[in-house]
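See below for the structure under consideration.
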Amino acid sequence: MRTAWALAAFLALTAIGLPAGAAAAPTLKIGDAGGYVYDLQHRLDQLGLYAGPQDGRFGPGTEQAVRRFQAAHGLAVDGIVGPRTWARLYGVTFTAREIDLMARMVAAEAGGEPFAGQVAVAAVILNRVRHPAFPSTVAGVLFEPRAFESVANGYFFRVTPTASAYRAVYAALRGDDPTHGALYFYNPAQTTSAWMRSRPVTVRIGTHLFAL
Numbered sequence: 275m276r277t278a279w280a281l282a283a284f285l286a287l288t289a290i291g292l293p294a295g296a297a298a299a300p301t302l303k304i305g306d307a308g309g310y311v312y313d314l315q316h317r318l319d320q321l322g323l324y325a326g327p328q329d330g331r332f333g334p335g336t337e338q339a340v341r342r343f344q345a346a347h348g349l350a351v352d353g354i355v356g357p358r359t360w361a362r363l364y365g366v367t368f369t370a371r372e373i374d375l376m377a378r379m380v381a382a383e384a385g386g387e388p389f390a391g392q393v394a395v396a397a398v399i400l401n402r403v404r405h406p407a408f409p410s411t412v413a414g415v416l417f418e419p420r421a422f423e424s425v426a427n428g429y430f431f432r433v434t435p436t437a438s439a440y441r442a443v444y445a446a447l448r449g450d451d452p453t454h455g456a457l458y459f460y461n462p463a464q465t466t467s468a469w470m471r472s473r474p475v476t477v478r479i480g481t482h483l484f485a486l
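Add 274 to the 1-based position in the sequence shown for the working numbering, that's all there is to it.
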């Protein structure tokens, strides 16, 4: 009960100020400004296409990043963020809140692991989001019952995401998956689950085994 209450309160607090979905996003072009431009810049940065300030101002650097994204995804290369560009961008990126959630989980589950082990945990989260056997959202994956020990024992809600955890999430978002597609991870010195131990192991990184 305490964990459920903490989860509800945590999600309520972190849901404030989020942009709506791609269908509600306005068409953006150079000269525009505001929260949607910030969201655009944040998403382009995830993909390594934009390295400028995330200041909510649609300038030449943002336009060039949009053009690169459009070219890479077979869209009309016009530098204008319309419905098709938004839809594709939302399909391959995550919100700032989702990044924060993933970084928090990396810190909770792998804070003492080497950087590769932190990237690996982030990759497992993304692999689950993309796998039909798991929820299709970051929050759905992280808060699925009994999915992560740090949620069950409450540590997830107390930990502060580190800079290393954020870097690990961004590395995974840009395609780094040292787990080779793993969907699970566990510490063999602590896990007693026969089912978990029966999963095919793909790699060991730090104290964790990663498995399918």
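By construction, the Cβ of each residue, glycine as well, lies at the ideal position given by its N, Cα and C atoms.
If you reduce the DSSP assignment to three classes, tell me which class residue i lands in.
i, result
"Val393", "helix"
"Val415", "helix"
"Glu387", "coil"
"Trp469", "helix"
"Ser410", "coil"
"Asn401", "helix"
DSSP beta-bridge partners for residue i?
i, result
"Leu483", "Tyr460, Arg478"
"Leu302", "Val355"
"Ala307", "Arg331"
Within this structure, are the beta carbons of residue i and residue j separated by less than 8 Å?
i, j, result
"His454", "Glu387", "no"
"Ala397", "Pro435", "no"
"Gly348", "Val340", "no"
Determine the closest residue to residue i out of the options, with distance taken between C-alpha atoms.
i, options, result
"Tyr460", "Arg317, Phe417, Phe332, Ala421", "Ala421"
"Thr429", "Ala384, Trp469, Arg441, Ile399", "Inspection of the sequence shows that residue 429 is occupied by Tyr rather than by Thr. Cα-wise, what sits closest to Tyr429 is Ala384."
"Asn427", "His316, Asp374, Arg371, Met379", "Met379"
"Trp360", "Arg371, Thr301, His405", "Thr301"
"His316", "Tyr364, Arg471, Ala407", "Tyr364"
"Gly309", "Asp329, Lys303, Met470, Ala297", "Asp329"
On the premise that residue j lies in contact with residue i, defined as a C-beta separation below 8 Å, what is that separation, rounded to the nearest angstrom?
i, j, result
"Gly391", "Gly480", "4 Å"
"Tyr324", "Gly335", "7 Å"
"Ile399", "Val425", "So it is not a contact: roughly 12 Å between Cβ atoms."
Does residue i have its Cβ less than 8 Å from a Cβ in chain D?
i, result
"Val415", "Protein chains in the displayed structure number just one, and chain D is not present."
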